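Residue numbers (the numbering used here): 931 to 1209.
We put the CB at the ideal spot given by N, CA and C, even for glycine.
These figures come from a predicted structure and were not determined experimentally.
Have a look at the structure below before the remarks.
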């Protein structure tokens, strides 16, 4: 039976309505870097905390009691835990900075590609690591269609996600370069997507713009980012409350989740334009 996983930061999303009542579990899995990492003749493992919310599972990618910085996350262990629980689709939530003033704080973006030149993550130690990865397009389109059907929150359907190393934010000079090639910037989604692909888990993301990148916001501070994140939480909570439960039910039934081949408009308003010759 298929199952949906919601992935995100517990420190940012723990107050969400849909996570209330989730039961904590610890899933034992191998550490990343191959199935047989050994120390002292014993297999090295990691306990991954998750919240079992019934129809879906929540993966706190940064941990729960102790915050794990983006560059130290064991994405292999995290995604293996989901695989053990029967999750074959992931809806990832990412906090991002916008690389364009046209994409303001509070915007929702479902990226269709990413750049992660410095990310070196894999669950394999052999030739299986050579692969072509990316967001699962059929699952991504299905998510976009359901989001627009079940919520009033505008969702941009395309964009390039740039993954930086972190944990520091980028300099103004770095942002000027990166903005020529991407739309939003974060620290985790590309690596998580790569491991999901290796484990044959269909992966799509919704990114929440919590700040304008350094230089676009000339008064950027971590206090401002945190304040924006808090102000965005209510809209995100309402959207996920509308989307996740019925989407989880569809995933469980599996046959209801179909690839959508036709064009998906970038914004709600594009759907509403009258066909040529009918106006």
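Go ahead and label residue 1004 buried or exposed: buried means 16 or more other beta carbons lie within 10 angstroms of its beta carbon, across all protein chains shown. buried
Does the region 1027 to 1045 come into contact with the region 1135 to 1155, if we say contact requires no fewer than three beta-carbon pairs (one atom in each stretch) closer than 8 angstroms? yes
Mind checking who residue 1041 pairs with in its DSSP beta bridge? In the DSSP output, where bridge partners are listed per residue, residue 1041 has none listed.
Is it true that the CB of residue 1139 sits closer than 8 angstroms to the CB of residue 1033? yes
So is residue 1097 buried or exposed if we call it buried at 16+ other beta carbons inside 10 Å? exposed
Could you compute how far the alpha carbon of residue 1013 sits from the alpha carbon of residue 1073? 20 angstroms
Can you tell me which residues form a DSSP beta bridge with residue 986? 934
From residue 1008 to residue 935, what does the alpha carbon distance come to, in whole angstroms? 11 angstroms
Neighbour-count burial assignment, residue 1100, 16 or more Cβ in a 10 Å radius: buried
Could you compute how far the alpha carbon of residue 1167 sits from the alpha carbon of residue 1056? 41 angstroms
Leaving out five residues on either side along the sequence, give the residues of the same chain with a beta carbon under 8 angstroms from the beta carbon of residue 1061. 1127, 1128
Please name the residue or residues paired with residue 1025 in a DSSP beta bridge. 1138
If we count the other Cβ atoms within 10 Å of its Cβ and call it buried at 16 or more, is residue 966 buried or exposed? Bear in mind that a pLDDT of 42 at residue 966, under 50, signals an unreliable position, so the number given afterwards is only what the model happens to contain. Label assigned to residue 966: exposed.
Where in the region 1038 to 1089 do unbroken runs of the alpha helix (DSSP H), each at least 4 residues long, occur, reported from the N-terminal end onward? 1067 to 1080
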